[in-house]
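For reference, the structure is listed below as structure tokens.
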Amino acid sequence: AQKVTQAQTEISVVEKEDVTLDCVYETRDTTYYLFWYKQPPSGELVFLIRRNSFDEQNEISGRYSWNFQKSTSSFNFTITASQVVDSAVYFCALTGDTGFQKLVFGTGTRLLVSP
Amino acid sequence: GAVVSQHPSWVICKSGTSVKIECRSLDFQATTMFWYRQFPKQSLMLMATSNEGSKATYEQGVEKDKFLINHASLTLSTLTVTSAHPEDSSFYICSAYSGVHPNTEAFFGQGTRLTVV
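Going down the list, the sequences are from chains A and B. Residue numbers for the first sequence follow my numbering, beginning at 12 and rising by one. Residue numbers for the second sequence follow my numbering, beginning at 266 and rising by one.
This is the structure:
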């Protein structure tokens, strides 16, 4: 069965600090996709990134970067120079090659960035 | 990206009544829609998979008679919480998938916050 573990329940940082959110996954599928979503207090899910299992290249998008390592089944997310607006709950999610895109979510990490 | 609209955004209902939540794909045809539930400060849990024109597939532990799902068209799926009780109060969110590669992403609605009093 697929599983996503986000061991960090809550992280508090001060603005401009860098912060890394950890994500470890388990799957028996050879083809799978990993996602990160941001959920602000309003509740909607904001898509951040999708990565397929065959692409281990790290990705950078502005202040966001992702480190995908199949050897350790991890897909960590780093925010550089954090800002108050980054405060939210961040979910890592996994889907398999089942022909459908239902997601298995981690428990989420609540990030609080204070001024 | 594609747009999925969920309505209503929030609803308060009395215990024992039924509530219908709509999930619409506005600019694509969704062959499959998913319904998730999120209790406060918890993760999203898949409730059911809804396929257009066929019966929904429910996850283990989800009562199909309580959470009625209808996917009558390629752009609309509805979730009806029947005889709602306070323990059904939760955040319900849908996602829609077109099934067309290379689109391998399901798009989420804005969610519906249900409060049963």
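Where is the CB? At the ideal position from N, CA and C, for every residue including glycine.
A:T89 sits away from A:Y44, with the two beta carbons spaced by 8 Å or more.
For B:G376, a Cβ of chain A is located within less than 8 Å of the residue's own Cβ. Neighbours of B:L339 across chain A, judged by C-beta separation under 9 Å, do not exist; the nearest C-beta is about 15 Å away. Cβ neighbours of A:R74 within its own chain (closer than 7 Å, five residues either side excluded): I90, T91, A92.
The three-state reading of DSSP puts A:K113 in coil, since its state is none of H, G, I, E or B.
Setting aside the 5 residues that flank it on each side, B:T380 is surrounded in the same chain by I277, S354, each with a C-beta closer than 6 Å to its C-beta; the list follows chain order. Closer than 7 Å at the C-beta level to chain A, one finds these residues of the segment 310–329 of chain B: L311, T314. Interface annotation for the segment 342–358 of chain B against chain A: F356, I358, criterion Cβ-Cβ distance under 9 Å. Looking at A:L114, A:V124, A:P126, A:Y101, the one whose alpha-carbon comes closest to that of A:C34 is A:Y101. For the pair B:S283 and B:T377, the CB atoms are not nearer than the 8 Å cut-off. For B:K285, the CB contacts under 6 Å within the same chain, skipping 5 residues up- and downstream, are T343, T345 in chain order.
Straight-line spacing of the CA atoms in A:E21 and B:S280 works out to 34 Å. Taking CB atoms only, A:E55 has a neighbour in chain B less than 8 Å away. Distances from the CA of B:L311 to each of B:S363, B:F372, B:V382, B:I358 were compared; the closest alpha carbon is that of B:I358. In terms of Cα proximity to B:L309, the closest of A:L122, A:G117, A:P126 is A:G117.
Fully enclosed beta strand (DSSP E) runs of no fewer than 3 residues occupy 70–72, 75–80, 85–90 of the segment 58–100 of chain A, in order along the chain. DSSP, reduced to helix, strand and coil, places B:E352 within a helical segment of the structure shown.
Assignment of A:A18 by DSSP, reduced to helix, strand and coil, places it in the coil class.
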